[in-house]
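These notes concern the structure reproduced below.
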């Protein structure tokens with residue numbers, strides 16, 4: 017067998033999103049374990065079945081008032097990442113804060129870009145179409161986390177400003193850059209009819225960054 021790596025392009029995976037469930041605990045925790053080097057020091061996803069169950073319980077507790085929503089990003093039905101829409105505020109704000117992470121070996125392959133686009137589409141879609149009917153979504157990212165910033169920009173988020181000492185992470189208060197996107201700025205994924213929930217596979221929003 018040759019030691020020369022195969023230069024042929026990797027097949028494009030089928031990407032979809034769906035809510036997490038109890039049956040996902042083992043696969044999710046395994047994905048976190050193999051991605052520790054990828055995530056540190058930026059994010060620390062739920063590393064144990066108990067912590068994962070706690071995430072599900074928080075989602076369920078806030079669901080009656082639509083205050084939180086969680087999504088798994090799947091690549092060919094394997095967990096490739098997650099997106100969390102938290103602290104949803106209704107009324108005059110209609111906003112959610114998004115947190116996300118990719119898992120190895122899918123990071124850097126465009127899977128999270130497509131998955132995050134679908135989550136954003138769900139955030140802006142009408143409730144009658146399975147969406148959250150939000151007006152604005154925000155992602156707060158540490159300045160040194162270049163992959164996360166590139167991902168946010170790739171689906172249309174724009175930089176609004178810098179929040180000093182915004183979150184306490186790894187024992188210190190960390191500055192965060194504030195990225196946001198509003199419904200007026202959003203374009204529907206190109207392969208998806210209007211009114212269709214964003215949980216089906218394939219397609220990304222129209223973006224100059226591809």
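In the numbering used here, the protein residues as written are 17 to 226.
Here a beta-carbon is modelled for each residue, glycine too, at the ideal position from N, C-alpha and C.
- The alpha-carbon separation between residue 190 and residue 34 amounts to approximately 31 angstroms.
- Linking residue 60 to residue 69 through their CA atoms gives a straight-line distance of about 15 angstroms.
- The alpha-carbon of residue 38 is positioned some 12 angstroms away from that of residue 45.
- C-alpha of residue 165 to C-alpha of residue 81: approximately 30 angstroms in a straight line.
- In the three-state reduction of the DSSP assignment, residue 199 falls in the helix class, which pools H, G and I.
- Secondary structure note for residue 54: its alpha helix (DSSP H) is the uninterrupted segment 52-55.
- Excluding its 5 nearest sequence neighbours in each direction, residue 62 has C-beta neighbours in its own chain below 8 angstroms: 44, 45, 48, 68, 70 and 71, listed in chain order.
- Going by beta carbons, residue 197 and residue 172 fall inside the 9 angstroms limit.
- Counting the other Cβ atoms within 10 Å of the Cβ of residue 129 gives 16 or more, which makes it buried.
- Linking residue 174 to residue 41 through their CA atoms gives a straight-line distance of about 33 angstroms.
- Take the alpha-carbon of residue 150 and the one of residue 83: they are about 11 angstroms apart.
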